[in-house]
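One line per chain: the protein sequences are A and B, in this order. In terms of the UniProt record's numbering, the first sequence opens at residue 1 and continues consecutively. In terms of the UniProt record's numbering, the second sequence opens at residue 1 and continues consecutively. By construction, the Cβ of each residue, glycine as well, lies at the ideal position given by its N, Cα and C atoms.
Protein chains: 2
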Amino acid sequence: MAATNGHTVPKRTYKHPLDQLSAEEVTIARQAVLDARKSAVSAVRFRNVFANEPPKATLVKFLEAEHAGTLSPDTPRPARQARVQYDIVSDDRSHEYMESVIDVASGKEVDHQRVPKTLQQSLTIDEFREFSKVCVESDMFKKAVKELNLDEKFEIAIDPWPYGGPDVGEVAPRYTQGLCFAKLRNSNPDSNHYGFPLPIIPVMDTYKKEIIRIDRLATGGVDDGLNYGTAAKNVLAHCQPAEYVPELLDTPLRQDLKPLNVLQPDGPSFTVSDDSLIEWQKWRFRVGFTPRECAVLHDVHYDGRSVLYRLSLSEMTVPYGDPRPPFHRKQAFDFGDAGAGRAANNLALGCDCLGVIKYIDAMLVDTEGNPSVSKNVVCVHEQDNGIGWKHTNFRTSRAVVTRSRELVVQFIITLANYEYIFAYKFDQAGGITLETRATGIVSVVNIDEGKTSPYGNVVSPGAMAQNHQHIFAVRIDPAIDGHANTIFTEESLPVPMNPKTNPHGNGYEVVRKPVTKSTWIDASPFTNLTVKMANTNKINPISKRPVAYKFMPAPSQLILADPESIVAKRAAFAHHHVWVSKYVDGELWAGGPYTNQSQKEIGGVADMVARNDQVDDTDVVVWNVFGLTHNPRVEDWPVMPVEIHQLHFTPADFFERNPALDVPGSKNTASVEVGRTNTDCCDATNGNANGTVQDDPTSHLQGPPEENIPVAEVNGQH
Amino acid sequence: MAATNGHTVPKRTYKHPLDQLSAEEVTIARQAVLDARKSAVSAVRFRNVFANEPPKATLVKFLEAEHAGTLSPDTPRPARQARVQYDIVSDDRSHEYMESVIDVASGKEVDHQRVPKTLQQSLTIDEFREFSKVCVESDMFKKAVKELNLDEKFEIAIDPWPYGGPDVGEVAPRYTQGLCFAKLRNSNPDSNHYGFPLPIIPVMDTYKKEIIRIDRLATGGVDDGLNYGTAAKNVLAHCQPAEYVPELLDTPLRQDLKPLNVLQPDGPSFTVSDDSLIEWQKWRFRVGFTPRECAVLHDVHYDGRSVLYRLSLSEMTVPYGDPRPPFHRKQAFDFGDAGAGRAANNLALGCDCLGVIKYIDAMLVDTEGNPSVSKNVVCVHEQDNGIGWKHTNFRTSRAVVTRSRELVVQFIITLANYEYIFAYKFDQAGGITLETRATGIVSVVNIDEGKTSPYGNVVSPGAMAQNHQHIFAVRIDPAIDGHANTIFTEESLPVPMNPKTNPHGNGYEVVRKPVTKSTWIDASPFTNLTVKMANTNKINPISKRPVAYKFMPAPSQLILADPESIVAKRAAFAHHHVWVSKYVDGELWAGGPYTNQSQKEIGGVADMVARNDQVDDTDVVVWNVFGLTHNPRVEDWPVMPVEIHQLHFTPADFFERNPALDVPGSKNTASVEVGRTNTDCCDATNGNANGTVQDDPTSHLQGPPEENIPVAEVNGQH
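If you want it as structure tokens, here you go:
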């Protein structure tokens with residue numbers, strides 16, 4: 001009995017099409033794959049098992065019925081499917097990458113594909129775990145370490161990294177490279193090893209489990225050029241600890257920070273139901289999860305009107321700018337190589353957010369394909385973001401002021417040394433903000449005592465933090481009052497002074513252009529370039545313009561690598577700020593589905609756009625690329641203060657007035673004035689019934705009130 | 001006995017040189033001016049009386065003694081002076097603008113200047129008040145209104161505005177122009193009149209108190225050109241109310257927003273002493289106040305080290321982009337024409353900020369020069385800004401996470417229809433953020449029914465919100481470990497792939513250049529242009545680079561008006577993003593001291609920079625200009641949601657590590673998990689003694705721990 005057939009559907013198919021798989025569904029999918037492959041469990045290595053998003057055409061029909069309130073057991077439902085990514089391991093240890101789609105209702109495999117041998121799957125924790133073991137057994141590695149003459153007070157801590165892009169002409173099987181550091185032995189397990197960088201990078205043949213090469217790293221400075229090697233000396237003699245865990249700090253913690261508590265006595269203003277459905281302040285959306293993207297927003301509505309079909313972080317690349325080989329292969333794709341969902345932190349109450357928190361768990365699998373729940377990977381909470389809108393009538397000194405409350409959907413990922421904090425924020429004025437915070441420990445390499453480098457900054461003795469970039473890609477699948485949308489660019493341009501159209505020279509023009517063919521657009525701040533996602537079939541009755549949402553692409557620096565370099569070619573998406581493509585099911589990856597060890601971007605957004613599709617008044621997808629050129633400061637060490645980037649989506653003639661006009665301006669009676677008691681400050685005379693505040697009218701460009709003029713009087717009819 | 005003579009100084013001079021004047025000091029200054037001018041009180045109109053900032057050379061000596069802790073009654077103190085701005089009014093009603101400096105210790109006038117007759121002083125509330133009265137007595141005005149055939153249910157509300165820049169060749173005495181609206185009679189005094197714009201602008205000879213002209217406004221649309229007039233018809237027939245006060249809304253307020261309270265059970269972490277001294281989390285600074293700038297930051301130190309001498313908002317211009325005369329004269333200079341301090345709101349507890357608040361009052365004067373206190377014009381409070389830094393050790397899954405606490409110094413100004421919220425924010429990582437929020441009611445003009453306009457957006461029937469820009473100028477007087485500072489630009493530039501310096505093409509170069517002569521710099525986001533304020537005499541021991549603070553000038557659009565237009569010429573500061581000038585006492589105004597009715601910028605930052613002073617390793621001032629091109633949305637009506645701009649100052653090799661490393665990572669025990677009780681969530685097993693959190697190690701790119709490798713083992717010495 002197929003789940004697409006509405007009759008006598010098994011209970012489990014009642015899960016929402018956008019819900020994660022249940023443990024039961026994972027188990028069904030796992031077994032289906034084992035059956036289909038007729039393989040021994042030992043020969044199958046499971047990578048990911050997750051809900052396969054239904055085709056848009058099917059899902060939209062279902063969602064429309066859901067919004068219309070006409071859902072019933074008889075409503076046709078998209079087939080509940082699992083996507084299974086796994087390897088078949090041969091006796092010669094070689095891996096064949098497979099991908100199957102399982103109909104969980106019937107337990108049958110409905111699709112099966114072999115990943116071309118030229119492509120590499122993302123990294124797994126297994127590969128990480130094996131790295132140290134393989135090193136210990138490697139004479140090549142031991143010899144290299146021996147040459148470093150390390151003191152035996154140290155142990156060696158290895159951070160496995162993706163190999164990056166192989167060089168031109170290099171034939172690279174699956175490799176993993178290891179960034180090596182020394183850690184003080186028998187010390188606190190959280191003593192920070194990054195303060196002791198070792199100038200070697202072992203390269204492991206991942207499946208043969210052999211160290212096939214040790215790359216030696218230059219430790220020189222300004223005058224030493226690219227090929228300066230490592231002198232045979234104790235490279236750690238001048239290095240120093242870089243502790244950050246409180247019990248190891250050389251200074252006491254601040255004692256003068258008093259508690260600031262966020263209390264919500266009546267609980268949160270949001271509800272989470274049906275596993276994935278969140279409703280808050282006229283917003284209604286689903287939070288999905290995938291191993292690659294972590295939290296994904298689906299079917300975003302405001303006040304019953306559709307705004308977005310899907311919003312997600314698609315890719316991110318971190319190329320390092322140190323030209324000394326092999327540092328050109330320090331280039332991570334944190335979504336494609338690692339997977340944000342699999343790297344997500346398990347969040348803790350009172351640490352990662354304040355107030356009343358709802359946590360969402362992730363369903364993942366172990367390498368044998370068994371369900372494995374990662375707890376609290378996404379948190380949902382409210383916060384205050386200051387004043388939302390305010391006006392004071394200078395005639396009466398009556399001030400009406402509202403706070404801006406936000407709903408935050410947050411997750412945090414750790415990739416070896418580094419952290420990213422991602423948050424989708426909803427506000428009461430119809431706005432959505434995607435916030436990125438970069439934190440964690442910057443990547444350092446060993447540098448000789450007393451030297452400085454043109455390729456980075458010495459942040460601790462012997463530790464040089466290399467200049468690098470973080471370039472993010474956000475995928476925006478708009479549904480502005482429906483799926484037939486048109487993208488416009490809007491620029492504000494000067495008009496030369498002329499008697500006919502601009503006699504006094506103050507005028508400027510606003511030029512709007514529709515995007516008709518799939519293409520890229522670069523940020524243009526000096527023309528105030530704004531991207532509008534509009535529905536030309538729906539006109540705002542007030543302004544007579546198409547309803548729209550807009551965003552201003554941040555004019556951040558794009559990838560600096562030479563366009564002809566492998567580093568640049570494998571991140572084609574990082575060459576422009578905005579991409580506009582025609583929607584195709586499954587096209588989710590700006591950098592292409594397979595980034596690990598790629599030499600160029602394949603099937604990424606550049607390829608999508610190259611189809612030259614017609615994209616106006618149709619189902620269109622917009623991609624925003626923004627970056628952060630990070631030339632480290634000493635202040636970024638040992639753990640860097642967050643560096644924040646925000647992308648704002650705001651309604652532009654989507655509504656018929658400020659959607660936050662009905663937000664109560666009520667006075668927060670819990671606030672206290674210094675030197676007064678709580679009772680004083682809540683004196684009702686400070687506020688009034690409708691929750692607004694009568695200001696003391698002494699502001700010197702405001703009151704006392706002036707007289708308005710009765711029309712009758714000026715008409716002289718009295 | 002002069003205050004500069006340390007002996008037997010009268011008590012009042014013990015006030016800190018950066019404190020505001022006391023009422024007593026204002027009264028002394030007022031009397032001194034009356035005595036010096038030998039004028040009858042009736043002939044003197046006082047504009048401003050405020051503390052005259054001591055010359056830097058003098059003040060720095062005093063501050064150095066203060067920081068050294070060597071202050072005593074015998075320490076020479078800067079003379080305590082009042083600056084008095086006033087008019088002498090002749091029998092013919094003409095005003096002569098005067099400025100006096102009074103030594104309040106001796107009560108003597110020490111300086112006196114006449115403002116050249118070609119310049120106009122800023123606006124006063126008196127001029128505003130008189131406008132309606134003069135209109136009622138004007139036949140010209142009555143005739144114009146009569147022609148509009150307004151219904152007698154209306155009364156006329158007039159917003160007096162600065163006249164703007166007179167046209168080329170126009171000889172303009174002191175003028176005020178009035179933007180006219182209709183308001184429903186006998187309705188709520190806070191019924192919003194901006195929904196009923198009238199197409200006339202009366203122009204008043206300010207001192208003769210005569211309406212000398214009525215400018216007729218075009219009400220046409222796209223096809224009507226510039227000279228389309230106003231047909232004799234009821235121009236309000238198609239207009240609609242635009243209420244925002246809760247009791248007049250046509251919809252009920254949201255009922256589902258639950259309280260979010262910020263509680264600080266142990267009180268705030270900051271102290272305010274000595275009237276103006278604020279200390280918080282290693283920060284120490286003074287909050288000053290002037291009628292023109294509102295809150296000003298002085299003598300900003302972190303952990304005993306000097307960072308800034310003075311930080312202030314200097315100017316702001318708002319040119320409108322509607323080319324139809326007389327709209328080219330809609331160009332306000334909100335600091336020079338009006339005065340942010342005099343336009344500052346009187347803030348109310350629980351409305352303008354949450355938590356524990358300290359308010360600061362402003363000492364102003366009435367037109368007779370008597371002290372008049374404006375209550376609560378500045379608020380000081382703390383807030384949580386999310387995660388400050390975080391790292392999870394993937395080997396142990398130990399997460400260390402700290403919150404970022406901020407100290408906020410905020411003020412809000414109202415200028416007729418519009419509001420600005422300004423905040424100086426200090427963080428625990430040595431950063432300072434200057435935040436601007438634009439809100440209030442956009443300026444609208446009448447437009448015929450059913451028409452749209454190229455010059456703005458119809459936001460309510462009959463009301464077209466004109467396209468405009470807000471261009472701000474911030475004055476930064478750095479004192480990076482002292483006053484001899486050097487400004488650097490730092491750009492990240494691509495390096496073509498080449499065998500010698502960039503064999504694989506991933507390398508890029510960071511180019512730093514000192515600014516040696518006073519000049520301007522434009523934002524350059526695509527080269528990641530960063531401005532560093534450095535002290536080349538003080539080298540960071542870790543990085544070996546000069547200690548510095550940096551900011552990235554926002555690449556916002558600059559003034560769009562034709563450079564040859566009066567609108568552009570009177571705002572020369574608005575033509576570049578960054579200006580670097582040599583410090584000169586009293587040079588505080590980016591747009592020049594007198595902006596009202598100016599036809600070009602005189603004595604502004606462009607003139608300062610034109611001196612071509614040497615500015616490296618000396619006392620240098622940096623000016624940052626940023627803007628907001630505001631093409632209104634329907635959602636901006638009737639009161640717009642805040643539009644936020646932030647300018648970040650961050651330490652760059654100023655410290656020897658992350659200054660927030662000693663911020664306790666303690667868990668907030670007041671937070672609650674949905675569906676759990678407070679007791680559950682505060683279960684000590686969720687946290688540990690040192691306040692960090694042991695995460696559940698199931699995140700799939702983290703634990704379980706891998707083995708580190710003992711050096712002895714790889715050395716094979718066992």
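Exercise. Expressed to the nearest angstrom, what Euclidean distance is found between the alpha-carbon atoms of residue 392 of chain B and residue 567 of chain A?
Worked result: 28 Å
For this session: Could you tell me which chain B residues have their CB closer than 7 Å to the CB of residue 177 of chain A, listed as they occur along the chain?
Result: Within chain B, no residue comes near residue 177 of chain A; the closest Cβ sits about 15 Å away, beyond 7 Å.
Problem set entry | Residue interval of the alpha helix (DSSP H) (run including residue 538 of chain A) | Unbroken run through residue 538 of chain A is the beta strand (DSSP E), 530 to 539; no alpha helix (DSSP H).
Exercise. To the nearest angstrom, how far is it from the Cα of residue 451 of chain B to the Cα of residue 457 of chain B?
Worked result: 10 Å
Problem set entry | Residue from B:442, B:383, B:444 and B:295 whose Cα sits closest to the Cα of residue 377 of chain B | B:295
Exercise. Is the Cβ of residue 405 of chain B closer than 8 Å to any Cβ of chain A?
Worked result: yes
Exercise. Does residue 714 of chain A come within less than 8 Å of chain B when only Cβ atoms are used?
Worked result: yes
For this session: Helix, strand or coil for residue 351 of chain B, going by three-state DSSP, please let me know.
Result: coil
For this session: Using a Cβ cut-off of 9 Å, pull out every chain B residue sitting near residue 398 of chain A, in sequence order please.
Result: 189, 190 and 245
For this session: Kindly confirm or deny that the segment 224 to 241 of chain B and the segment 107 to 121 of chain B touch, where touching means at least three C-beta pairs closer than 8 Å.
Result: no
Problem set entry | DSSP-derived helix/strand/coil call for residue 611 of chain A | coil
Exercise. Residue 636 of chain B by DSSP, collapsed to three states: which one?
Worked result: helix
Problem set entry | Beta-carbon proximity of residue 386 of chain B to residue 402 of chain B, cut-off 8 Å | no
Problem set entry | Distance, residue 101 of chain A Cα to residue 641 of chain B Cα | 46 Å
For this session: Could you tell me whether the Cβ of residue 719 of chain A comes closer than 8 Å to any Cβ of chain B?
Result: Given a span of 1 to 718 for chain A in the structure shown, any question on residue 719 of chain A remains unanswerable.
Exercise. In angstroms, rounded to a whole number, what distance separates the CA positions of residue 92 of chain A and residue 45 of chain A?
Worked result: 15 Å
Exercise. Is there contact here, the segment 594 to 613 of chain B with the segment 506 to 521 of chain B, by at least three beta-carbon pairs under 8 Å?
Worked result: yes
Exercise. How far does the alpha helix (DSSP H) with residue 147 of chain B in it reach, from first residue to last?
Worked result: 139 to 147
Problem set entry | Buried or exposed (CB count within 10 angstroms, at least 16 for buried), residue 243 of chain B | buried
Problem set entry | Span separating the alpha-carbon of residue 559 of chain B from that of residue 68 of chain B | 45 Å
Exercise. If we ignore side chains and look at the alpha-carbon of each, how far apart do residue 666 of chain B and residue 528 of chain B end up?
Worked result: 36 Å
Exercise. Do the segment 582 to 598 of chain B and the segment 537 to 551 of chain A make contact, defined as three or more Cβ pairs closer than 8 Å?
Worked result: no
For this session: Note down, in chain order, each residue of its chain lying with its Cβ closer than 6 Å to the Cβ of residue 613 of chain B, except the 5 sequence neighbours on either side.
Result: 518 and 582
Problem set entry | Best match in B:381, B:256, B:327 and B:350 for proximity to residue 278 of chain B [C-alpha to C-alpha] | B:381
Exercise. Is there contact here, the segment 465 to 472 of chain B with the segment 311 to 324 of chain B, by at least three beta-carbon pairs under 8 Å?
Worked result: yes
For this session: Measure from the alpha carbon of residue 446 of chain B to the alpha carbon of each residue in B:121, B:261, B:219 and B:73, then state which is nearest.
Result: B:219
Exercise. Nearest chain A C-beta to residue 425 of chain B closer than 8 Å, yes or no?
Worked result: no
For this session: Taking 8 Å as the cut-off, decide whether the C-beta atoms of residue 652 of chain B and residue 548 of chain B are in contact.
Result: yes
For this session: Give a yes or no on whether the C-beta atoms belonging to residue 532 of chain B and residue 490 of chain B are separated by under 8 Å.
Result: yes
For this session: With distances taken Cα to Cα, identify the nearest neighbour of residue 328 of chain B among A:128, A:502 and A:286.
Result: A:502
Problem set entry | Neighbour flag for residue 393 of chain B against chain A, beta carbons, 8 Å | yes
For this session: Return helix, strand or coil for residue 627 of chain B, following the three-state DSSP convention.
Result: strand
For this session: Please check if any C-beta of chain A sits within less than 8 Å of the C-beta of residue 542 of chain B.
Result: yes
For this session: Put residue 61 of chain A into one of helix, strand or coil per three-state DSSP.
Result: helix
For this session: Step through the CB atoms of chain A and report whether any lies within less than 8 Å of the CB of residue 416 of chain B.
Result: yes
Exercise. So, residue 525 of chain A versus residue 486 of chain A, is the Cβ gap smaller than 8 Å?
Worked result: no
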